[in-house]
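Notes for the one structure printed next.
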Amino acid sequence: MAEQEEAPHGPCPWCGTDPLYRAYHDTEWGVPERDSRALWEVLVLEGFQAGLSWITVLRKREN
10 MAEQEEAPHG PCPWCGTDPL YRAYHDTEWG VPERDSRALW EVLVLEGFQA
60 GLSWITVLRK REN
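Sequential numbering of the sequence shown, starting at 10, is according to my numbering.
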């Protein structure tokens with residue numbers, strides 16, 4: 010995957026300094042997805058996210 014350039018003003022404040030959150034922000038968030046399996050993954054993760062912080066979901070996704 011091509012290396013992402015950081016915006017001149019820096020990353021969005023919501024992603025903080027957690028490396029997993031930063032990687033999600035830099036490579037996935039806001040990137041259009043057209044693959045049906047990847048879309049299904051996002052849909053399922055969003056359902057599991059109800060009541061949890063997104064960083065918790067990202068950490069569980071790795072396991």
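A virtual CB, placed ideally from N, CA and C, is assigned to each residue, including glycine.
{"Asked": "Name the two residues that bound the continuous alpha helix (DSSP H) containing residue 53.", "Found": "45-58"}
{"Asked": "Decide if residue 27 is buried, meaning its Cβ has at least 16 other Cβ atoms within 10 Å, or exposed.", "Found": "exposed"}
{"Asked": "Could you pull the start and end residues of the alpha helix (DSSP H) that residue 36 belongs to?", "Found": "28-36"}
{"Asked": "Taking the alpha-carbon of residue 67 as reference, which of 46, 22 and 37 has the nearest alpha-carbon?", "Found": "37"}
{"Asked": "For residue 29, which residues in the same chain have their Cβ closer than 6 Å to its Cβ, ignoring the five residues on either side in sequence?", "Found": "67"}
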